[in-house]
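In the numbering used here, the protein residues as written are 27 to 453.
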């Protein structure tokens, strides 16, 4: 475009020189033509700027308009043209140029990228005194949340965990949400998600025992609300564990209800959850698929409750999760009978400054009952210290002590210990 403009101007100048000696009428005619062409060129640049801005999402138009200066009062035509060409070049190059990088920042206002990387080194001694140690890339998580409009957004989470799912990067979450809680208290979410059965709040490195028993991830439809501190939802999905003769149906459902109160330096969060088929949780479902092929006689309902209190530097969290009935013998057994598994977690934390760094000290006690077949310990004690050594970078050290079920319950009656160090970066 620059070459075309230069040749046009040069031709006009040469044309003007060739008739320099002509009469004033011819000279005036050429000057009028030059002014008219310059006006047309200005209109074309303005149109190109407006087209460029119009291609952007609504919320980015103002910022991009400032960049290309659509009105043009403060920039010459050549400066404006160079700005437009630079922005276009940045778009075609995928943001390699400076202007392209700015455009990515503009897009970042509506498309949020987040991530988590956790590397862990651990040493452990099992119930049978077997010692192991390793360094693992424990977690790589990439999240992308796109706010399409004020009333719709999409969320994608990719997850990699070394040693899990064939060491592959998987789509952990993928949802579409319709709603705007700032303007209306209800929302609809559809897609693959972690369903609101259990809270699983912790400052530890290790997952809680309620999470290992009750966490559930599936494709579902969820309707929820948030108003005056109250929150809740209902959801339906087609699970992998089904009653005899009832395969491939959307017949699993649940709901949750809670309340959050916040004031200066104080937060209270209490809630309860119910699920019509606890067999479809990740931990129980994997076990039942291996034992009975995913088919059970009757659905077993599940219940969970949690309480979180934050006051000043202190945090207290408690959670309880249980099946509301027993499974059949041959599905999930405990001590010669059908099991009714349950798990709980209690945790206390204090955050302070140590060596000029934000540091959190945590103590935890967890337990389970009738969950021997799921390889959960009967009791677990934990102690963790986590320090923010750099911005968004933490270093944590955790000691874990497990006690197995007694020999009278078909356990070993022995203890196990583990020491884990974790370096994590979150952005």
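Built from N, CA and C at the ideal position, the CB exists for glycine as well.
By the CB criterion at 8 Å, residue 281 and residue 259 fall inside the cutoff. The beta-bridge partner set that DSSP reports for residue 360 consists of 363. Of the residues 372, 386 and 262, the one whose Cα lies closest to the Cα of residue 215 is 262. Annotation for residue 312: the continuous alpha helix (DSSP H) segment containing it runs 308-318. With respect to residue 295, residue 265 sits apart: the two C-beta atoms are not nearer than 8 Å.
In this structure, residue 336 keeps its C-beta atom at 8 Å or more from the C-beta atom of residue 234. Here DSSP, grouped into helix, strand and coil, assigns residue 349 to strand. One Cα belongs to residue 152, the other to residue 312, and the distance between them is close to 23 Å. Taking the C-beta atoms as reference points, residue 246 is found no nearer than 8 Å to residue 211. In the three-state DSSP reduction, residue 354 falls in the coil class, being neither helix nor strand. Judged by DSSP secondary structure, residue 235 falls within the alpha helix (DSSP H) whose first and last residues are 235-240. Closest option to residue 417, judged by alpha-carbon separation, among 453, 388 and 170: 453. In the three-state reduction of the DSSP assignment, residue 399 falls in the helix class. Distances from the CA of residue 255 to each of 205, 244 and 285 were compared; the closest alpha carbon is that of 285. In the structure shown, the three-state DSSP call for residue 322 is strand.
The beta carbons of residue 357 and residue 400 sit no closer together than 8 Å. Beta bridge pairing from DSSP links residue 270 with no other residue.
Per DSSP, residue 168 is one residue of the beta strand (DSSP E) stretching across 157-175. The Cβ atoms of residue 390 and residue 408 lie closer than 8 Å to each other.
About 6 Å separates the Cβ atoms of residue 348 and residue 329, confirming a contact at the 8 Å cut-off. Non-local C-beta neighbours of residue 438 in its own chain, meaning closer than 7 Å and more than five positions away in sequence, comprise 153 and 430, ordered along the chain. By the criterion of a C-beta distance shorter than 6 Å, residue 146 is surrounded in its chain by 162, 164, 446 and 448, once the five residues flanking it on both sides are discounted. With contacts defined as CB atoms closer than 8 Å, residue 398 and residue 332 fail to qualify as a contacting pair. When DSSP states are grouped into helix, strand and coil, residue 435 belongs to the helix group. At the C-beta level, residue 325 and residue 269 come within 8 Å of one another. Taken in chain order, the unbroken stretches of beta strand (DSSP E) that lie wholly in the region 175-236 and span 3 residues or more are 178-186, 196-205 and 212-220.
Going by C-alpha positions, residue 303 is about 13 Å away from residue 275. A straight-line Cα-Cα distance of about 5 Å links residue 395 and residue 368.
In the three-state reduction of the DSSP assignment, residue 276 falls in the coil class. Bridge partners of residue 138 according to DSSP: 171. Under DSSP, residue 295 takes part in a beta bridge, and its partners are 286 and 334. With at least 16 other beta carbons inside 10 angstroms of its own, residue 343 counts as buried. The beta carbon of residue 372 is closer than 6 Å to those of 344 and 391 in its chain, skipping five residues each way along the sequence.
Nearest to residue 178 by alpha-carbon distance, out of 202, 236, 198 and 184, is 202. Remark: C-beta atoms of residue 419 and residue 388 do not approach each other more closely than 8 Å.
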